Amino acid sequence: MAEYFDKIAHRYDAWYQTKVGQYVDRTEKRLIFSLLKSKKGLALDLGCGTGNYTLELYKRGFKVIGADLSLEMLKIAKQKLPNVPFLRADAYNLPFKDNTFDLVMSITMFEFLKEPEKVVSEIHRVLKPNGEVIIGTMNGRSLWFIFKRLKSIFFETAYRYARFYTPRELEKLLSKSGFKEIESRGVIFFPSFLPFLSLAEDMDKRFNAELKSLGAFIVVRGVKE
């Protein structure tokens, strides 16, 4: 998968500048940072890609490290944040000591893991006691999921290789590794190619808890015991 993401790194990063990309980005970030309780400390952006969330965490005052397997993604991330450490790292075997981080955030990485339980265990290991984890993925039961799956039949996209989750599946992943205070939310209730983005965004703000199982993007939060 790293080779595939090397190939699409610049196209992936440029998508965030499109109208739909901007809508998705601000909607997902609104949800993620409404769940996040940590306000400072050392954060790991695991599966950081081109540094989108690394940059956001940095702006919010965190000391942050970005980690990813794609060298091309990391090169773009480093251009955005020259003073932040970025490293090529395997999520199954993180190169950090136990109890290192106050926060581990992983956005749209778990879709591409064969053994997510091992990665959650590693996240638990490197978090400090009472450290916080935030995981965001695509929802396997959303309208957007159906659209992306159909598109991937005809065009090669990352979603051809992805595994999607439900909120309950993410909650179980954290629970099995000993996390507490687990909660989940969802946003983006309509496929983004619809022209009614303002209406969709209003629904995202109102119903991210009640309709979370229908959201295209789901987030789970937990705390290390």
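Using the working numbering, you'd call the opening residue of the sequence shown number 7 and step up by one each time. Every residue, glycine too, gets a C-beta built ideally from N, C-alpha and C. Everything numeric in this text was worked out from a predicted model, so none of it was measured.
Taking DSSP as the reference, what is the three-state secondary structure of Tyr-22?
-> On the sequence shown, position 16 is the one that residue 22 refers to. The answer is coil: DSSP assigns Tyr-22 none of H, G, I, E or B.
Reducing DSSP to helix, strand and coil, say where Val-132 ends up.
-> Locating residue 132 in the sequence shown gives position 126, counting from the first residue. Val-132: helix per DSSP, three-state reduction.
Quick one, are the C-beta atoms of Tyr-22 and Asn-58 less than 8 Å apart?
-> Within the sequence shown, numbered from 1, the residue matching residue 22 stands at position 16. Within the sequence shown, numbered from 1, the residue matching residue 58 stands at position 52. Yes, Cβ-Cβ distance for Tyr-22 and Asn-58 is below 8 Å.
For Phe-39, does the count of other Cβ atoms within 10 angstroms reach 16, so buried, or fall short, so exposed?
-> Looking up residue 39 in the sequence shown gives position 33. So Phe-39 counts as exposed.
Does the Cβ-Cβ distance between Val-193 and Leu-37 come in under 8 Å?
-> In the sequence shown, residue 193 corresponds to position 187, counting from 1. In the sequence shown, residue 37 corresponds to position 31, counting from 1. Cβ atoms of Val-193 and Leu-37: closer than 8 Å.
Got a sec? Which residues, its chain only, sit under 8 Å from Leu-48 by beta carbon, not counting five neighbours each side?
-> Residue numbering aside, residue 48 sits at position 42 when the sequence shown is read from its first letter. Excluding its 5 nearest sequence neighbours in each direction, Leu-48 has C-beta neighbours in its own chain below 8 Å: Phe-68, Lys-69, Val-70, Ile-71, Thr-106, Phe-107, Asp-108 and Leu-109, listed in chain order.
From Glu-121, Pro-91, Ile-82 and Asn-136, residue whose alpha carbon lies closest to that of Ala-20 = By 1-based counting over the sequence shown, the position of residue 20 is 14. Cα-wise, what sits closest to Ala-20 is Ile-82.
Between Arg-169 and the rest of its own chain, which residues show a CB-CB distance below 6 Å, the 5 nearest in sequence each way excluded?
-> Counting from one through the sequence shown, the residue named residue 169 turns up at place 163. Around Arg-169: Glu-117.
Residues bridged to Asn-145 by DSSP?
-> Numbered from its first residue, the sequence shown carries residue 145 at position 139. Among the bridge pairs identified by DSSP, Asn-145 is matched with Tyr-171.
Simplified DSSP assignment, three categories, for Gly-292 = The structure shown does not extend to residue 292, since the chain spans only 7 to 231, so no value can be given for it.
Among Ala-222, Lys-65, Val-126 and Asn-89, which residue has its Cα nearest to the Cα of Leu-52?
-> Counting from one through the sequence shown, the residue named residue 52 turns up at place 46. Measuring C-alpha to C-alpha distances from Leu-52 to each of Ala-222, Lys-65, Val-126 and Asn-89 identifies Val-126 as the nearest.
Give me whichever residues DSSP pairs with Leu-109 in a beta bridge.
-> By one-based count along the sequence shown, residue 109 stands at place 103. Ala-49 and Glu-138, per the DSSP bridge assignment.
Identity of the residue in Asn-145, Glu-128 and Glu-9 nearest Gly-221 by Cα | Position 215 of the sequence shown, counted from the start, is the residue given in the question as residue 221. In terms of Cα proximity to Gly-221, the closest of Asn-145, Glu-128 and Glu-9 is Asn-145.
Minimum C-alpha distance to Thr-33 - residue among Glu-231, Lys-230, Val-229 and Val-225 | The count along the sequence shown starts at 1 and reaches residue 33 at position 27. The residue with the shortest Cα to Cα distance from Thr-33 is Val-225.
Pick out whichever of Thr-172, Ile-140, Thr-24 and Ile-14 has its Cα sitting closest to the Cα of Lys-230.
-> Here residue 230 is taken as the residue at index 224 of the sequence shown, counted from 1. Ranking Thr-172, Ile-140, Thr-24 and Ile-14 by Cα distance to Lys-230 puts Ile-140 first.
Reference Glu-62; option with closest CA among Pro-135, Met-111 and Lys-120 = Taking the first residue of the sequence shown as position 1, residue 62 is located at position 56. Checked all of Pro-135, Met-111 and Lys-120; the closest Cα to Glu-62 is Met-111.
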